[in-house]
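Student: Mind having a look at this structure? Questions to follow.
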Amino acid sequence: MKAAIITERGAAPQVGEFREPTAQDGAVLIDVDTAGLGGWDTLGAYRLGVSFPCVIRGEGVGRRVADGQRVYFGERSVQPFGAWAERTLVPAEEVWEVPDDVDDRTAISMGIAATGAIVPLEQAHIQKGENVLVLGATGTLGQIALQLARHFGAGRVVGAARSQPALARLQERGIADAVVQLGGPDDVAALKEASNGGFDVVLDLVCGQPLLSSLKATRWGARIMTVGTGAGRQIQLDMADLLFRTLSTVGTGQRPPADRRAIWERLLELARSPGIVLEYADYTLDQAAQAWAAQLSGPHAKIVATVSPHGRRFA
Ligand SMILES: NC(=O)c1ccc[n+]([C@@H]2O[C@H](COP(=O)([O-])OP(=O)(O)OC[C@H]3O[C@@H](n4cnc5c(N)ncnc54)[C@H](OP(=O)(O)O)[C@@H]3O)[C@@H](O)[C@H]2O)c1
Numbered sequence: 001m002k003a004a005i006i007t008e009r010g011a012a013p014q015v016g017e018f019r020e021p022t023a024q025d026g027a028v029l030i031d032v033d034t035a036g037l038g039g040w041d042t043l044g045a046y047r048l049g050v051s052f053p054c055v056i057r058g059e060g061v062g063r064r065v066a067d068g069q070r071v072y073f074g075e076r077s078v079q080p081f082g083a084w085a086e087r088t089l090v091p092a093e094e095v096w097e098v099p100d101d102v103d104d105r106t107a108i109s110m111g112i113a114a115t116g117a118i119v120p121l122e123q124a125h126i127q128k129g130e131n132v133l134v135l136g137a138t139g140t141l142g143q144i145a146l147q148l149a150r151h152f153g154a155g156r157v158v159g160a161a162r163s164q165p166a167l168a169r170l171q172e173r174g175i176a177d178a179v180v181q182l183g184g185p186d187d188v189a190a191l192k193e194a195s196n197g198g199f200d201v202v203l204d205l206v207c208g209q210p211l212l213s214s215l216k217a218t219r220w221g222a223r224i225m226t227v228g229t230g231a232g233r234q235i236q237l238d239m240a241d242l243l244f245r246t247l248s249t250v251g252t253g254q255r256p257p258a259d260r261r262a263i264w265e266r267l268l269e270l271a272r273s274p275g276i277v278l279e280y281a282d283y284t285l286d287q288a289a290q291a292w293a294a295q296l297s298g299p300h301a302k303i304v305a306t307v308s309p310h311g312r313r314f315a
């Protein structure tokens, strides 16, 4: 079968022939229609426990070989298989039926990415009218988080990142009330000015210096939720900046499958109403190397690839 294959740790994928998975107890064979890519996949090429060569793991939507049922599956394909191939094999508890009115791209983006946004935002218990900052707002989680924060009652929603054109898009789309371009002469002053008296909640998708700068723009009682480390994993924290505030690190991937499935089903409802709108970057399986390079350089969009013509797209 055709697949996007990673041959060694850190290598870019190449499209070629890969052996087909065969039936296995407790796992489901799936003909893939649409595959997704996220930051965790490009990082996954370096993770311990991945054997090479392997297919890009990804997440996706396809049809169960046994009965043709349309299903979503997360990044846990049985090794060495994955979403970026014509066929994959996935543990049965990770295979979830997709409602007819949900298109492939929505089913995928409400998976790993939206789960990574909704769990920390709910743990932050946003109160009506509070000021919320999203650090790394231009990426997939960021775009989703801005919309969820508003839905949970935030009064002012501010997005921060480095790319000015990508930040401007957030404002054009009306999903951020204000934006802050990080990396300027005084990020702390810029964040304070945008905060209207201080942030109550910070959803931190990047860590590093942006996290440290944001702490100085928070109010007492602020909840800071860190879920990603793209701007650096080690920080020199002045404890005084954290006094009377809480900092939590939140991971969602290790939750039991039934929990993640219930969260995904709730997110599909929220995607219907009030609606969650994302920017996408569309590729084909043959363009896996380009999609991979785009993910590494920061696409400001959710990357998805057409694997078969059966994929479901709505206007
Ligand atoms: N903990 C969990 O359960 C969980 C679940 C899912 C995802 N995650 C993590 O969440 C993070 C975000 O995922 P994603 O898919 O949204 O990634 P993404 O699409 O790459 O977006 C990250 C955004 O952060 C901004 N950024 C990167 N480096 C920055 C820096 N040094 N300073 C300021 N902004 C920076 C980038 O925007 P600019 O280019 O505009 O700066 C980028 O758009 C990733 O680290 C991912 O692994 C965690």
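In this text, residue positions in the sequence shown follow my numbering: the first is 1, and each later residue adds one. Heads up, the beta-carbon is just placed ideally off N, CA and C, and yes, glycines get one too. Please read all numbers here as calculations on a predicted model, not as lab measurements.
What are the uninterrupted segments assigned as alpha helix (DSSP H) that are 4 or more residues long and contained completely in the region 168–253, given in chain order?
Tutor: The region 168–253 contains these whole alpha helix (DSSP H) runs: 187–195, 208–215.
Student: With a 10 Å radius around its C-beta and 16 neighbouring C-beta atoms as the bar for buried, classify Leu-43 as buried or exposed.
Tutor: By the neighbour-count rule (16 or more Cβ atoms within 10 Å), Leu-43 is not buried but exposed.
Student: Under the assumption that Ala-83 contacts Ile-56 (Cβ atoms under 8 Å), give the Cβ distance between them as a whole number of angstroms.
Tutor: 7 Å
Student: Could you give the DSSP three-state label for Asp-67: helix, strand or coil?
Tutor: coil
Student: Can you give the Cα-Cα distance for Val-202 and Asp-103, rounded to whole angstroms?
Tutor: 31 Å
Student: So what's Gln-24 in DSSP terms, helix, strand or just coil?
Tutor: coil
Student: So what's Gln-164 in DSSP terms, helix, strand or just coil?
Tutor: Gln-164 falls in the helix class under three-state DSSP.
Student: For the region 84–99 and the region 115–131, state whether three or more C-beta atom pairs, one from each stretch, are separated by less than 8 Å.
Tutor: With the cut-off at 8 Å, the region 84–99 and the region 115–131 do not touch.
Student: Please determine, among Ala-107, Glu-193, Met-225, Gly-230, the residue with the shortest C-alpha to C-alpha distance to Arg-313.
Tutor: Ala-107
Student: In angstroms with no decimal places, state the Cα-to-Cα distance between Ile-276 and Ile-144.
Tutor: Spanning the two alpha carbons is a distance of roughly 7 Å.
Student: Buried or exposed: where does Gln-147 fall if 16 or more other Cβ atoms within 10 Å of its Cβ makes it buried?
Tutor: Classification of Gln-147: buried, given that the 10 Å Cβ count is 16 or more.
Student: Can the beta-carbon of Gly-153 be found less than 9 Å from the beta-carbon of Ile-112?
Tutor: no
Student: With Tyr-72 and Val-98 assumed to form a contact (beta carbons below 8 Å), what rounded beta-carbon distance in angstroms separates them?
Tutor: 5 Å
Student: Just jot down, in chain order, the residues whose CB lies closer than 5 Å to any heavy atom of ligand 1.
Tutor: Gly-38, Gly-39, Trp-40, Gly-116, Gly-136, Thr-138, Gly-139, Thr-140, Leu-141, Ala-161, Arg-162, Ser-163, Ala-166, Leu-182, Leu-205, Val-206, Pro-210, Val-227, Gly-228, Gly-230, Ala-231, Gly-251, Thr-252, Gly-298
Student: Can you tell which of Ile-235, Ala-217, Thr-306 has its C-alpha closest to the C-alpha of Val-180?
Tutor: Ala-217
Student: Under the rule that 16 or more other beta-carbon atoms within 10 Å means buried, what is Val-188, buried or exposed?
Tutor: exposed
Student: Return the first residue and the last residue of the beta strand (DSSP E) that Ile-321 is part of.
Tutor: For the chain, the structure presents residues 1 to 315; residue 321 sits outside this window and is missing.
Student: Which residues in the same chain have their Cβ closer than 8 Å to the Cβ of Thr-306, if we skip the five residues on either side of it in sequence?
Tutor: Asp-33, Thr-34, Asp-282, Tyr-283, Thr-284, Leu-285
Student: Which residues bound the beta strand (DSSP E) around Arg-87?
Tutor: Segment 87–91, the beta strand (DSSP E) holding Arg-87.
Student: Cβ atoms of Thr-249 and Thr-226: under 9 Å apart, would you say?
Tutor: yes
Student: In the DSSP assignment, find the unbroken alpha helix (DSSP H) run with Leu-141 in it and report its ends.
Tutor: 140–151
Student: Can you tell me whether Ile-6 is helix, strand or coil according to DSSP?
Tutor: strand
Student: Ignore the nearest five residues each way along the sequence and tell me which others in Gly-230's own chain have a CB closer than 6 Å to its CB.
Tutor: Around Gly-230: Val-206.
Student: Quick one: grab the DSSP three-state call for Ile-303.
Tutor: strand
Student: What are the boundary residues of the beta strand (DSSP E) that includes Ala-133?
Tutor: The sequence shown places Leu at residue 133, not Ala. Leu-133 -> beta strand (DSSP E) spans 131–135.
Student: Answer yes or no: do Val-119 and Thr-252 have a C-beta to C-beta separation smaller than 9 Å?
Tutor: yes
Student: I'd like to know if the region 253–264 and the region 155–163 are in contact, where contact means that at least 3 CB-CB pairs between them fall below 8 Å.
Tutor: no
Student: Residues in its own chain within less than 7 Å of Phe-81 by CB, not counting five upstream and five downstream?
Tutor: Pro-21, Val-55, Thr-88, Leu-89
Student: Exposed or buried, Gly-311, counting other C-beta atoms within 10 Å across all chains shown (16 or more means buried)?
Tutor: buried
Student: Between which two residues does the beta strand (DSSP E) carrying Ala-84 extend?
Tutor: Note on identity: in this sequence residue 84 is Trp, with Ala being the wrong assignment. Taken as a continuous stretch (DSSP letters only), Trp-84 belongs to no beta strand (DSSP E), as it is neither H nor E.
Student: May I have the straight-line CA-CA distance separating Glu-94 from Gln-290, to the nearest angstrom?
Tutor: 28 Å
Student: Please classify Thr-138 as buried or exposed, where buried requires at least 16 other C-beta atoms within 10 Å of its C-beta.
Tutor: buried
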